[in-house]
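Enquirer: Going left to right, the sequence shown walks through residues -21 to -1, 1 to 132 as mature numbering (1 follows the signal peptide of the UniProt record, and there is no 0) numbers them. Backbone N, C-alpha and C define an ideal beta-carbon position, used for all residues, glycine too.
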Amino acid sequence: MSLRHAFAAAALIAAAAPLFASPSLADRGGHDRDGAARPVTHAATLKECGQCHMAFPAALLPAAGWDRLMDTLPRHFGEDASLPAEVAADIRAYLTANAARRGDTDTIRITEQRWWLREHDFRPQIWERPHIRSKANCEACHDRAGQGVFEDE
Ligand code: HEC
Ligand code: HEC
């Protein structure tokens, strides 16, 4: 590959995955310096994975985590979240293609990722407040989580 082609290819990759353009992203678990994580834009994922909780941005979990999660949908945190095979394959492809480049792969929880625990090192009583109840209830504290905004407001 000529140098010019190599540059063109690099520019294409950067354009296709703007979230990963800065090295800080990989360090911070797929969200950038301003606390932004590209919201889900994939219709099937929004529909099927946004029923019981918000459709979590793909960039907040590494691909291995999404794979494991999609392998275990019939036993999804006490719920049966099974989907027809083609729908599941489509969602899996979207999530893994847009996943965090690194992260903890021994858990399928965003809320057990090291970066997440660092950002949310609060008094334990916080999680028992009636309007919060769960660490996974991002929208209780991040009004604009659905738009991918997690920064301090
Ligand atoms: C109890 C309230 C609460 C809940 C629930 C919560 N967060 Fe947060 N989160 C915070 C606070 C407070 C901060 C620190 C904000 C700051 O310093 O900019 C934070 C920081 C973050 C950041 C880093 C923002 C930055 O500026 O870099 C991300 C990303 C994030 N949260 C994602 C999530 C996700 C995803 C969920 C749900 C799975 C979640 N949070 C649930 C309160 C919460
Ligand atoms: C039938 C309801 C239901 C559906 C549908 C569902 N989930 Fe969940 N999901 C849950 C429950 C319940 C939890 C646990 C929430 C908690 O701990 O408060 C959860 C937790 C999660 C978590 C971990 C949150 C954390 O703590 O970091 C992820 C990631 C997740 N779901 C992704 C998905 C994806 C992807 C889909 C679509 C394929 C999906 N869910 C569909 C009910 C559902």
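Tell me which same chain residues have a C-beta within less than 7 Å of the C-beta of isoleucine 105, skipping the five on either side of it?
Expert: Within the same chain, isoleucine 105 has close Cβ partners Ile111.
Enquirer: Is any heavy atom of ligand 2 found at a distance shorter than 7 Å from the C-beta of threonine 51?
Expert: Flag unset: Cβ of threonine 51 not near ligand 2.
Enquirer: Looking at ligand 2, does it come within less than 7 Å of cysteine 31, judged from the CB to the closest heavy atom?
Expert: Yes, Cβ of cysteine 31 sits closer than 7 Å to a heavy atom of ligand 2.
Enquirer: How would you label arginine 71, buried or exposed, when you count the other beta carbons within 10 angstroms and need 16 or more for buried?
Expert: Arginine 71 is buried by the Cβ-count criterion.
Enquirer: At the level of alpha carbons, what is the spacing between tryptophan 94 and arginine 80?
Expert: In a straight line, the C-alpha of tryptophan 94 is about 13 Å away from that of arginine 80.
Enquirer: Less than 7 Å between the CB of lysine 26 and some heavy atom of ligand 2, yes or no?
Expert: No, Cβ of lysine 26 sits at least 7 Å from all heavy atoms of ligand 2.
Enquirer: Could you tell me which residues DSSP puts in a beta bridge with histidine 32?
Expert: Histidine 32 pairs with nothing; no bridge assigned.
Enquirer: Just checking phenylalanine 129 against ligand 2 - is the residue's beta carbon closer than 7 Å to any of the ligand's heavy atoms?
Expert: No, Cβ of phenylalanine 129 sits at least 7 Å from all heavy atoms of ligand 2.
Enquirer: If you follow the alpha helix (DSSP H) that leucine 52 is in, where does it begin and where does it stop?
Expert: Where leucine 52 is concerned, there is no enclosing alpha helix (DSSP H), given that its DSSP letter is neither H nor E.
Enquirer: How many whole angstroms separate the CB atoms of alanine 38 and asparagine 77, which I take to be in contact at a CB cut-off of 8 Å?
Expert: That belief holds up - the Cβ atoms of alanine 38 and asparagine 77 are roughly 6 Å apart, short of 8 Å.
Enquirer: Determine the closest residue to alanine 34 out of Leu74, Arg97, Ser113, with distance taken between C-alpha atoms.
Expert: Of the candidates Leu74, Arg97, Ser113, the one whose C-alpha sits nearest the C-alpha of alanine 34 is Leu74.
Enquirer: With 16 other CB atoms within 10 Å as the buried threshold, where does leucine 96 fall?
Expert: That one is exposed.
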